[in-house]
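2 protein chains.
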Amino acid sequence: MLGSPDECARQILEAIPLVMRAIRHEMRSHRGSDLSVPKFRVLIFLNRHEGASLSEIAEHLGLALPSMSKMIDGLVTRNMVVRQMDPGDRRRVTLAPTPLGRAAMQSALEATAARLAERLAALPASGRCTIIEAMQILASIFGCGRDTKTAIGK
Amino acid sequence: MLGSPDECARQILEAIPLVMRAIRHEMRSHRGSDLSVPKFRVLIFLNRHEGASLSEIAEHLGLALPSMSKMIDGLVTRNMVVRQMDPGDRRRVTLAPTPLGRAAMQSALEATAARLAERLAALPASGRCTIIEAMQILASIFGCGRDTKTAIGK
DNA sequence: TATTGTTATACTCTATAACTATA
DNA sequence: TATAGTTATAGAGTATAACAATA
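Each protein sequence line maps, in turn, to chains A and B.
In terms of this note's numbering, the first sequence is residues 19 to 172.
In terms of this note's numbering, the second sequence is residues 19 to 172.
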């Protein structure tokens, strides 16, 4: 059945790992601002949501709190993020990118996007529009409404 | 400039890691044959290239030899792959999936696809068609004509 | 000497459990 | 008691360097 959820799932399993591998490869080969994909995504989020709390970032990226805390440690050590106590609720931590963090993100973003764009340029514009639309749909169902945690259960 | 290669690249960078994380989660939460994505890919490759050497697998999956060696250790320990000396060239190791390995691969494929399909069922059919179309385009430009393409999609 | 793998070592990413500090 | 984060610990995945065995 065309367009069935199962068919769609199989197509995703076929294609996504390939694209992910290409992304990691591009980012690793871009020496100069050696950001991992997850750190990169943290910086992107903080760039648009300055002052976000640890929980908010963890929620957005779908990571457990301790994992995120440790990742932030690494970014703070490298002077890419600043941690600050929220005066209104002293349990909360507010996070923001430093100028260095923003620069590293921009640099990684541009280098990686440029490499990907090179490949995408071979497509007709309609193909790229289809991809953009699909990415937005996927982000909406795999990014938000994280019931993954409860689904894992444990 | 909607639909530009650059815009498209940025959307990909935003969405693909989210989907990849969901795939990993679902594979791990499928207790019984909890295969990581890389191990899953090794089994898929061996399923179609029985008797391949370590170097050949490492080459196809884009991993360093020691990484692959260690990963094969894990699969051998779990009785999913057999290592054998090549009598013709005793430096070489030939690898093949066991029946258990093949079964685990099938099972992981089906379970993961089913979980993804559950989420995708919430979309309108038109959204799923858009995703399918996008996945096919992405596989064609990021696939390099390699293994996962035909293997996973079966 | 060149090739094929393995061992040793280290770092990143991620998770769960136990804890601290604040509300 | 409930919430926000951190520390402790563990395990997978990956890399490089050094090594062993075979050609």
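Each residue gets a CB set at the ideal place from its N, CA and C atoms; glycine is no exception.
Please read all numbers here as calculations on a predicted model, not as lab measurements.
Do three or more CB pairs link the region 48–60 of chain B to the region 24–37 of chain B at distances below 8 Å?
Contact fails: fewer than three Cβ-Cβ distances are below 8 Å.
What number of angstroms, rounded off, separates the C-alpha of residue 152 of chain A from the C-alpha of residue 147 of chain B?
Taking the first sequence and counting its residues from 1, one reaches residue 152 of chain A at position 134. Taking the second sequence and counting its residues from 1, one reaches residue 147 of chain B at position 129. Their backbone Cα atoms lie some 9 Å apart in a straight line.
Across the region 130–142 of chain B and the region 37–46 of chain B, are there enough close Cβ pairs to call them in contact, namely three or more that are closer than 8 Å?
Yes, the region 130–142 of chain B is in contact with the region 37–46 of chain B.
Express the C-alpha separation of residue 104 of chain A and residue 78 of chain A in angstroms, rounding to a whole number.
Counted from its first residue, the first sequence places residue 78 of chain A at position 60. Counted from its first residue, the first sequence places residue 104 of chain A at position 86. So the alpha carbons of these two residues sit roughly 20 Å apart.
Label residue 83 of chain A either buried or exposed according to how many other C-beta atoms from any shown protein chain fall within 10 Å of its C-beta, with 16 as the threshold for buried.
Stepping through the first sequence from its first residue, residue 83 of chain A is reached at position 65. Result: exposed.
Nearest chain A C-beta to residue 160 of chain B closer than 7 Å, yes or no?
Position 142 of the second sequence, counted from the first residue, corresponds to residue 160 of chain B. The Cβ of residue 160 of chain B sits closer than 7 Å to at least one Cβ of chain A.
Contact set between residue 100 of chain B and chain A, taken where Cβ atoms lie within less than 8 Å:
For the purposes of this step, residue 100 of chain B is taken as the residue at position 82 of the second sequence. Per Cβ cutoff of 8 Å: no residues; residue 100 of chain B is ~25 Å from chain A at best.
Determine contact between the region 61–76 of chain B and the region 117–131 of chain B, defined as no fewer than three beta-carbon pairs at a distance below 8 Å.
Taking one beta carbon from each stretch, the region 61–76 of chain B and the region 117–131 of chain B have 3 or more pairs nearer than 8 Å; the two touch.
According to DSSP, is residue 31 of chain B part of a helix, a strand, or is it coil?
The residue you call residue 31 of chain B lines up with position 13 of the second sequence. Note: residue 31 of chain B maps to helix in three-state DSSP.
Which whole-angstrom value is the C-beta distance of residue 160 of chain B and residue 36 of chain A, which I expect to be below 8 Å?
Locating residue 160 of chain B in the second sequence gives position 142, where the first residue counts as 1. Locating residue 36 of chain A in the first sequence gives position 18, where the first residue counts as 1. Confirmed, about 5 Å.
Going along chain B, which residues have a C-beta under 7 Å from residue 122 of chain A?
For the purposes of this step, residue 122 of chain A is taken as the residue at position 104 of the first sequence. Near residue 122 of chain A there are no residues of chain B at all, since even the closest Cβ is about 15 Å away, more than 7 Å.
CA-CA distance, residue 109 of chain A and residue 85 of chain A?
For the purposes of this step, residue 109 of chain A is taken as residue 91 along the first sequence, with counting starting at 1. For the purposes of this step, residue 85 of chain A is taken as residue 67 along the first sequence, with counting starting at 1. Residue 109 of chain A and residue 85 of chain A have their C-alpha atoms roughly 18 Å apart.
Cα-Cα separation, residue 65 of chain B to residue 21 of chain A:
Within the second sequence, the letter at position 47 stands for residue 65 of chain B. Within the first sequence, the letter at position 3 stands for residue 21 of chain A. Taking C-alpha positions only, residue 65 of chain B is separated from residue 21 of chain A by approximately 28 Å.
Below 6 Å CB to CB, which residues in the same chain sit around residue 118 of chain B once its five sequence neighbours on both sides are set aside?
Here residue 118 of chain B refers to the residue found at position 100 when the second sequence is read from its first residue. Cβ within range, chain order: 97 and 98.
Neighbourhood of residue 130 of chain B by C-beta distance below 8 Å, restricted to the same chain and skipping five residues each side
Counting from 1 along the second sequence, the entry for residue 130 of chain B is found at position 112. So the list reads 41, 44, 45 and 48, once near-sequence residues are dropped.
Would residue 100 of chain B and residue 121 of chain B be called neighbours here (beta carbons separated by less than 7 Å)?
Indexing the second sequence from 1 puts residue 100 of chain B at position 82. Indexing the second sequence from 1 puts residue 121 of chain B at position 103. Not in contact: residue 100 of chain B and residue 121 of chain B (Cβ atoms no closer than 7 Å).
Would you give the residue range spanned by the beta strand (DSSP E) that residue 115 of chain B belongs to?
In the second sequence, counting from the first residue as 1, residue 115 of chain B sits at position 97. Unbroken beta strand (DSSP E) run through residue 115 of chain B: 111–115.
Identified DSSP bridge partners for residue 101 of chain A
For the purposes of this step, residue 101 of chain A is identified with residue 83 of the first sequence, where counting begins at 1. Beta-bridge pairing links residue 101 of chain A to A/113.
Interface partners of residue 37 of chain A on chain B, CB under 7 Å:
Position 19 of the first sequence holds residue 37 of chain A. Think of a sphere of 7 Å around the beta carbon of residue 37 of chain A: the chain B residues whose beta carbon falls inside it are 30, 34, 156 and 160, in chain order.
Beta-carbon gap between residue 157 of chain B and residue 32 of chain A smaller than 7 Å:
Position 139 of the second sequence, counted from the first residue, corresponds to residue 157 of chain B. Position 14 of the first sequence, counted from the first residue, corresponds to residue 32 of chain A. Taking C-beta atoms as the reference points, residue 157 of chain B and residue 32 of chain A count as a pair closer than 7 Å.
Three-state secondary structure (DSSP) of residue 143 of chain A:
Here residue 143 of chain A is taken as the residue at index 125 of the first sequence, counted from 1. Residue 143 of chain A: helix per DSSP, three-state reduction.
For the alpha helix (DSSP H) holding residue 91 of chain B, just list the boundary residues, first then last.
For the purposes of this step, residue 91 of chain B is taken as the residue at position 73 of the second sequence. That run of the alpha helix (DSSP H) goes 83–95.
Using the beta-carbon count (16 or more within 10 Å), is residue 145 of chain B buried or exposed?
Here residue 145 of chain B refers to the residue found at position 127 when the second sequence is read from its first residue. Buried: at least 16 other Cβ atoms inside 10 Å.
Pair within 7 Å by beta-carbon distance, residue 23 of chain B and residue 138 of chain A:
Locating residue 23 of chain B in the second sequence gives position 5, where the first residue counts as 1. Locating residue 138 of chain A in the first sequence gives position 120, where the first residue counts as 1. For the 7 Å CB-CB criterion, residue 23 of chain B and residue 138 of chain A form a contact.
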